Amino acid sequence: MPQYVTETTIKGKWGRVPAFDYKGKNIIVKGTWLRRAQLLDEEWLDTELEDPELCAKLLKSQRRGGLQADILTFAQKPPVSTPKYDYYAEWDSIAAVKTTNFREWWERLPRASRKNVRRSQKRGVRVFVKPLDDQLIHGIMGVSNESPVRQGRPNRHYGKTFEEVKKDHSSFLGHCNYICAYVGEDLIGFIWLIYRGEIGSILQILTKESQQDKRPANALIAKAVELCASKGLLYLTFGMFNYGNKKHNSLREFKERNGFSEVLVPRFYVPLTPWGKFCIRAKLHRGLIGILPHKAIMAGVRVRSMFYNLLHSKAVLAQR
1049 MPQYVTETTI KGKWGRVPAF DYKGKNIIVK GTWLRRAQLL DEEWLDTELE
1099 DPELCAKLLK SQRRGGLQAD ILTFAQKPPV STPKYDYYAE WDSIAAVKTT
1149 NFREWWERLP RASRKNVRRS QKRGVRVFVK PLDDQLIHGI MGVSNESPVR
1199 QGRPNRHYGK TFEEVKKDHS SFLGHCNYIC AYVGEDLIGF IWLIYRGEIG
1249 SILQILTKES QQDKRPANAL IAKAVELCAS KGLLYLTFGM FNYGNKKHNS
1299 LREFKERNGF SEVLVPRFYV PLTPWGKFCI RAKLHRGLIG ILPHKAIMAG
1349 VRVRSMFYNL LHSKAVLAQR
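Numbered by my numbering, the letters in the sequence shown go through residues 1049 to 1368 in order.
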């Protein structure tokens, strides 16, 4: 079982992490005080971890060789919710919508959501499915570079060079599409859609804040559902529905207004060391967002938003 170092994105930036090849897939180890082993890009693969018992055994045997992991974690692929294994498990909250029938999805939308899709069309938004090429990369840069702050937090994609953006979007080229919203020749938003067997998953959705009156995000979601339905896919997923104890928020409200609901799938945690076993028992593996109450999390979000918006305002004033 050869060990090596591979690249992955960590908070929007490329970094190198220890890894080993397991049944043709990369198992990576991330973390500092608690080191987790998991499949690289697990949430974008069309298969699950095979034979987790063997994987855990191999990870334990690799500790002397330098591959240090305290926990092996893996999830079942939605929509199967019945746990396949007896390991300790918690529930991943997935935002998903059935795509077997586009008309049914459309008719179940709130009236305001359907109105927003029509409004985008009336205001000149046209949506196309595009391959990734240099022209699209420049368009993506234009959307990403609109502001260094998005939704009260630093925009991880702001200021990246052409080559950096091209590298970011070099993964999954064989099984993805770009759904692009245009006004004239100007790209005002896009969805990066990954195909995972019978599921389509939104890896990224980004729109220009200056064009929000045209409702490009609603038009993009509608096209994504239509595209998945035309391909015979069962579900379209859009990240998490609930993020730990962070429940009601604007992103979840947007997902709900566009027909997404919660699908629960088990995530398993296999301790590999005494420290990993202790962290699972003490729930420390959940991180702050899985430990703190919702009110405390949202208070922190508001403070963070105020801080970064203030920094951005000062930077804008300094440039004048």
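For glycine and all other residues, C-beta sits at the position ideal for the given N, C-alpha and C. These numbers come from a predicted model, not from an experiment.
Looking at Tyr-1317 and Ile-1119, is the spacing between their C-beta atoms short of 8 Å? Residue numbering aside, residue 1119 sits at position 71 when the sequence shown is read from its first letter. Residue numbering aside, residue 1317 sits at position 269 when the sequence shown is read from its first letter. Yes, the pair counts as a contact, with Cβ atoms nearer than the cut-off.
For Gly-1335, does the three-state DSSP call read helix, strand or coil? Locating residue 1335 in the sequence shown gives position 287, where the first residue counts as 1. Three-state result, Gly-1335: coil.
Grab me the residues of Lys-1271's own chain with a C-beta within less than 6 Å of its C-beta, minus the 5 sequence neighbours each way, in chain order. Taking the first residue of the sequence shown as 1, we reach residue 1271 at position 223. Excluding positions up to five away in sequence, the list reads Val-1175 and Ile-1227.
According to the Cβ coordinates, are Ile-1242 and Pro-1126 closer than 8 Å? Here residue 1242 refers to the residue found at position 194 of the sequence shown. Here residue 1126 refers to the residue found at position 78 of the sequence shown. No.
8 Å CB neighbourhood of Asp-1261 in its chain, flanking five on each side removed: By one-based count along the sequence shown, residue 1261 stands at place 213. Counting only Cβ-Cβ distances below 8 Å, and skipping sequence neighbours, we find Arg-1171.
Beta-carbon separation of Thr-1054 and Leu-1088 under 8 Å? Translated into positions along the sequence shown, residue 1054 becomes position 6. Translated into positions along the sequence shown, residue 1088 becomes position 40. For Thr-1054 and Leu-1088, yes; Cβs fall inside 8 Å.
Could you give the uninterrupted runs of the beta strand (DSSP E) lying entirely in the segment 1247-1300, keeping only those of 3 residues or more? 1247-1255 and 1283-1288
Own chain, CB closer than 7 Å to Phe-1150, minus 5 neighbours either side, in chain order: The residue labelled residue 1150 in the question sits at position 102 within the sequence shown. These residues qualify, in order along the chain: Val-1273, Glu-1274 and Ala-1277.
Quick check: the segment 1223-1238 against the segment 1185-1194, are there 3 or more CB pairs under 8 Å? yes
From this set, Val-1065, Ser-1129, Tyr-1136 and Asp-1069, which residue's C-alpha is nearest Cys-1327's C-alpha? Counting from 1 along the sequence shown, the entry for residue 1327 is found at position 279. Cys-1327 has its Cα closest to that of Tyr-1136, out of Val-1065, Ser-1129, Tyr-1136 and Asp-1069.
Could you tell me which of Glu-1098, Thr-1095, Leu-1093 and Gly-1114 sits nearest to Arg-1083, measuring between CA atoms? In the sequence shown, residue 1083 corresponds to position 35, counting from 1. Measuring from the Cα of Arg-1083, the nearest candidate turns out to be Gly-1114.
Output needed for Lys-1059: all residues of its chain with C-beta closer than 7 Å, excluding positions within five of it in sequence on either side, in chain order. Here residue 1059 corresponds to residue number 11 of the sequence shown, with the count starting at 1. Taken in chain order, the residues that qualify are Arg-1204.
Could you tell me how far apart the beta carbons of Ala-1267 and Ile-1253 are, in whole angstroms, since I believe they sit closer than 8 Å? Numbered from 1 along the sequence shown, position 219 holds the residue referred to as residue 1267. Numbered from 1 along the sequence shown, position 205 holds the residue referred to as residue 1253. Actually they are not in contact, since the Cβ atoms of Ala-1267 and Ile-1253 sit about 11 Å apart, beyond 8 Å.
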